[in-house]
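The number in this note's numbering is simply the position in the sequence shown, starting from 1, with 3 added. Presented below is the structure to which this report refers.
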Amino acid sequence: MYCKEYIAYYNWTFGGQCGFGARDGASPPPYMADQYGFPVVDIYVDAVPPFPPQPYVSAVTPTSVAFTWAAVSDRGDGAGQDYFISGMDHYVSWLTIDGRPGQLQLAWTSAPRVLELDGMQAGETACVHVQAVDQLQNSTPDVVQCAGPLPPPPMPTWQRVAPQVRANPAETGLVGLDTWFWLAPAPSGMAVSELANGTRYALTATPVEVDWSFGDGVTSRIAAPSGFGIEYPQESPVTHMYQSHDQAGYNVTALVRYAVSWTATVGGRSFGPYPLDNAEIGARALPYPVQQAQPELLAT
Numbered sequence: 004m005y006c007k008e009y010i011a012y013y014n015w016t017f018g019g020q021c022g023f024g025a026r027d028g029a030s031p032p033p034y035m036a037d038q039y040g041f042p043v044v045d046i047y048v049d050a051v052p053p054f055p056p057q058p059y060v061s062a063v064t065p066t067s068v069a070f071t072w073a074a075v076s077d078r079g080d081g082a083g084q085d086y087f088i089s090g091m092d093h094y095v096s097w098l099t100i101d102g103r104p105g106q107l108q109l110a111w112t113s114a115p116r117v118l119e120l121d122g123m124q125a126g127e128t129a130c131v132h133v134q135a136v137d138q139l140q141n142s143t144p145d146v147v148q149c150a151g152p153l154p155p156p157p158m159p160t161w162q163r164v165a166p167q168v169r170a171n172p173a174e175t176g177l178v179g180l181d182t183w184f185w186l187a188p189a190p191s192g193m194a195v196s197e198l199a200n201g202t203r204y205a206l207t208a209t210p211v212e213v214d215w216s217f218g219d220g221v222t223s224r225i226a227a228p229s230g231f232g233i234e235y236p237q238e239s240p241v242t243h244m245y246q247s248h249d250q251a252g253y254n255v256t257a258l259v260r261y262a263v264s265w266t267a268t269v270g271g272r273s274f275g276p277y278p279l280d281n282a283e284i285g286a287r288a289l290p291y292p293v294q295q296a297q298p299e300l301l302a303t
């Protein structure tokens with residue numbers, strides 16, 4: 004047990020109080036009795052628990068949650084030169100699930116630690132309990148922080164004007180010659196924010212590939228950004244050669260596929276990103292007539 008012990012004594016020879024001392028100090032106190040042979044003793048102890056820890060969610064996913072806390076300091080008794088603090092000793096921490104009895108991952112540690120619970124189901128709630136204990140075993144009440152696994156948000160309705168399929172030659176294609184295709188405007192990333200189940204989510208959609216269908220039974224999946232094509236007069240990486248004419252026009256379509264991810268804000272902290280799913284936005288189709296090139300003889 005750590006404490007301060009002050010000894011006040013009365014020396015008959017000098018006719019008054021002669022000094023103070025402290026046990027375990029840099030120099031021993033002058034333990035002397037008063038004129039009656041009894042020392043006068045005051046003992047000061049640290050009877051105040053440390054500052055309470057503040058546990059928080061350090062990580063959360065759709066199937067797990069983790070907690071930790073910042074280190075705290077001890078608090079002492081007294082004031083001025085009589086202030087005495089014994090110092091921090093350890094923390095006691097454990098987890099509970101849905102208020103059921105039991106102390107999961109119970110441990111005594113000299114520093115904050117991370118308590119993580121995996122394999123959680125939707126609707127379950129885990130709570131971390133933390134106590135701070137000083138060297139005199141003064142303990143704070145257990146401070147509790149609870150959280151559950153983070154459910155993914157619903158897929159939003161992405162509001163975006165669909166791009167238009169464009170081609171060169173612009174009006175009519177020619178059998179046996181390459182036609183260049185592209186999307187105008189070129190697809191780009193999208194972002195939305197939504198509130199679901201009391202949690203603020205931020206969702207991001209990034210274009211990753213384009214499925215092209217050229218109307219004659221030929222299809223092609225091209226990764227972004229090449230799959231967007233390049234506007235004429237530059238040479239587009241999206242090309243197709245028609246083998247027969249069609250005056251009514253081939254129906255050229257493009258489907259842009261987006262990879263969607265999400266983050267969530269819990270307790271003022273952001274977690275993620277986590278993958279959600281794919282979103283698809285179709286381009287406005289292009290009816291594209293193709294005709295047979297007719298050779299001509301030119302007189303010279």
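Note that the Cβ used here is the ideal one computed from N, Cα and C, for glycine as well.
Distance between residue j and residue i (C-alpha atoms, nearest Å)
i	j	result
Leu180	Pro278	42 angstroms
Val2	Gly90	In the structure as shown, the chain starts at 4 and stops at 303, and residue 2 therefore has no counterpart that could be examined.
Pro1	Tyr291	A question about residue 1 goes unanswered here, because the residues of the chain that appear run from 4 up to 303.
Asp85	Ala50	14 angstroms
Pro210	Ala257	13 angstroms
Val293	Val241	17 angstroms
Arg272	His243	49 angstroms
Thr175	Ile233	19 angstroms
Arg287	Arg163	12 angstroms
Ile225	Val195	26 angstroms
Ala227	Gly122	35 angstroms
Ala282	Gln148	36 angstroms
Thr266	Ser229	28 angstroms
Tyr59	Pro188	45 angstroms
Pro104	Thr112	22 angstroms
Pro276	Trp185	31 angstroms
Asp280	Gly192	15 angstroms
Gln108	Leu139	25 angstroms
Tyr261	Ile88	60 angstroms
Asp27	Ala114	Since pLDDT at Asp27 reaches only 49, below the 50 mark, its modelled position is unreliable, and the value read off the structure follows with that caveat. Cα to Cα, Asp27 sits roughly 27 angstroms from Ala114.
Gly81	Val95	27 angstroms
Asp249	Gln295	9 angstroms
Gly83	Ala110	36 angstroms
Glu127	Val269	16 angstroms
Ala173	Leu289	10 angstroms
Gln106	Phe274	27 angstroms
Beta-carbon spacing of residue i, residue j below 8 angstroms
i	j	result
Pro155	Glu197	no
Val178	Ser247	yes
Ser216	Thr222	yes
Leu153	Thr99	no
Val63	Ala205	no
Val259	Pro190	yes
Pro53	Arg78	yes
Ser61	Leu120	no
Pro157	Ala125	no
Asp219	Tyr245	yes
Gly92	Asp137	According to the sequence as given, residue 92 is Asp; it is not Gly. Yes.
Trp97	Ile284	no
CB-CB length for residue i against residue j, believed under 8 angstroms
i	j	result
Ala73	Gln57	7 angstroms
Val117	Thr71	5 angstroms
DSSP beta-bridge partners of residue i
i	result
Glu174	The partner list for Glu174 (beta bridge, DSSP) is empty, contrary to what the question assumes.
Arg169	Trp185
Phe87	Asp80
Trp265	Leu206, Tyr277
Met193	Ala208
His132	Trp97, Val147
Gly252	Answer by DSSP bridge pairing: none, since Gly252 is not bridged.
The ligand GTP heavy atom lying under 7 angstroms from the CB of residue i
i	result
Thr182	Questions concerning the ligand GTP fall outside what the structure shown contains, since it holds no ligand whatsoever.
Three or more C-beta pairs under 8 angstroms: does that hold for the region 161-170 against the region 134-151? no
Quick check: the region 124-133 against the region 240-258, are at least 3 beta-carbon pairs closer than 8 angstroms? No, they do not touch.
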